[in-house]
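Q:
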Amino acid sequence: MLKYLNGYDSQLKAQVQTLIDQDKLGEYLLSKYPTIHEYTTDKSLYSYVQTLKNTHMRNAVPISKVLYDTKIRDIHTALGTHTFVSRVQGGKLKAKNEIRISHIFKKVPEPFLRMIVVHELAHIKEKEHTKAFYKLCTHIEPAYHQLEFDLRLYLTYRDIFGVLYV
């Protein structure tokens, strides 16, 4: 039932289970994150990602495409993806970076979207989930770990009760 919280302490999971049993997990999330973001189109999402990238990773390689992807269905394994495609064009090697975010994040609070975007942006520089990767994530978003936990709470809520933000 708490599949998104597998790596967390059993005491913490017990607290979450209590919130679920008392039907208060939704209240908790809504009190902390009452409104959803406004980046509902691929164009606005691209602009949002570019702004974050240009603010925190100015020298990183360009991103050619950003979009909401309806094909990302197993949110237990991926909330978004970052792909790096290399192609030979003429005598040159061309590289393209793409970020795809699961379409379920069109209607969530902005901090949840930011956490996912930061995660995918960090993969531009750090391919694996190493200390350097998470250091970059917290450089871009100091509350990264708290947002990741709260997003996991939201995904847990969504699995049990359905969509919270409409």
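For what it's worth, numbering that gives the first Met the number 0 labels the leading residue of the sequence shown as 0, then goes sequentially. Here a beta-carbon is modelled for each residue, glycine too, at the ideal position from N, C-alpha and C. Note that the structure is a prediction, hence the values are computed from the model and not measured.
In the DSSP assignment, find the unbroken beta strand (DSSP E) run with Asp68 in it and report its ends.
A: As a first step, residue 68 must be located in the sequence shown, where it is residue number 69. Segment Lys64 to Asp68, the beta strand (DSSP E) holding Asp68.
Q: Run the CB neighbour count on Thr155, radius 10 Å, all protein chains shown included, and call it buried at 16 or more, exposed below.
A: By 1-based counting over the sequence shown, the position of residue 155 is 156. Classification of Thr155: buried, given that the 10 Å Cβ count is 16 or more.
Q: Would you please state the rounded distance, in angstroms, between the beta carbons of Leu28 and Leu152? I believe it to be under 8 Å.
A: Walking along the sequence shown from the start, residue 28 turns up at place 29. Walking along the sequence shown from the start, residue 152 turns up at place 153. Sure, about 6 Å apart at Cβ, within 8 Å.
Q: Quick check on the DSSP output: the alpha helix (DSSP H) that includes Met0 runs from which residue to which?
A: Looking up residue 0 in the sequence shown gives position 1. Counting along the chain, Met0 falls outside any alpha helix (DSSP H), and DSSP gives it neither H nor E.
Q: Closest to His55 by C-alpha separation, out of Leu150, Val117 and Leu163, would be which residue?
A: Start at 1 with the first residue of the sequence shown, and residue 55 comes out as number 56. The candidate whose alpha carbon is nearest that of His55 is Val117.
Q: Within 8 Å, do at least three Cβ pairs link the stretch 128-135 to the stretch 93-113?
A: no
Q: Give the DSSP-derived three-state secondary structure of Lys23 in the structure shown.
A: In the sequence shown, counting from the first residue as 1, residue 23 sits at position 24. Lys23: coil per DSSP, three-state reduction.
Q: Using 9 Å as the threshold, is the C-beta distance between Tyr38 and Pro110 below it?
A: For this step, residue 38 is matched to residue 39 along the sequence shown. For this step, residue 110 is matched to residue 111 along the sequence shown. The Cβ atoms of Tyr38 and Pro110 lie no closer than 9 Å to each other.
Q: Are Pro173 and Thr34 close, meaning C-beta to C-beta below 9 Å?
A: With the chain covering only 0 through 165, there is no way to say anything about residue 173.
Q: Within a Cβ cutoff of 7 Å, which residues of the same chain sit near Gly25, ignoring the five residues on either side of it in sequence?
A: Numbered from 1 along the sequence shown, position 26 holds the residue referred to as residue 25. Hits under 7 Å: Tyr156, Phe160 and Leu163.
Q: Between which two residues does the alpha helix (DSSP H) harbouring Ile123 extend?
A: Taking the first residue of the sequence shown as position 1, residue 123 is located at position 124. Glu109 to Lys124 is the extent of the alpha helix (DSSP H) around Ile123.
Q: Under 8 Å by Cβ, that's how I've got Leu120 and Leu51 pegged, so tell me the actual separation to the nearest angstrom.
A: In the sequence shown, the residue the question calls residue 120 occupies position 121. In the sequence shown, the residue the question calls residue 51 occupies position 52. Leu51 and Leu120 do touch by the CB rule: their CB atoms are close to 6 Å apart, below 8 Å.
Q: Taking the alpha-carbon of Ser46 as reference, which of Thr69, Asp158, Gly6 and Arg113 has the nearest alpha-carbon?
A: One-based indexing of the sequence shown puts residue 46 at position 47. Checked all of Thr69, Asp158, Gly6 and Arg113; the closest Cα to Ser46 is Arg113.
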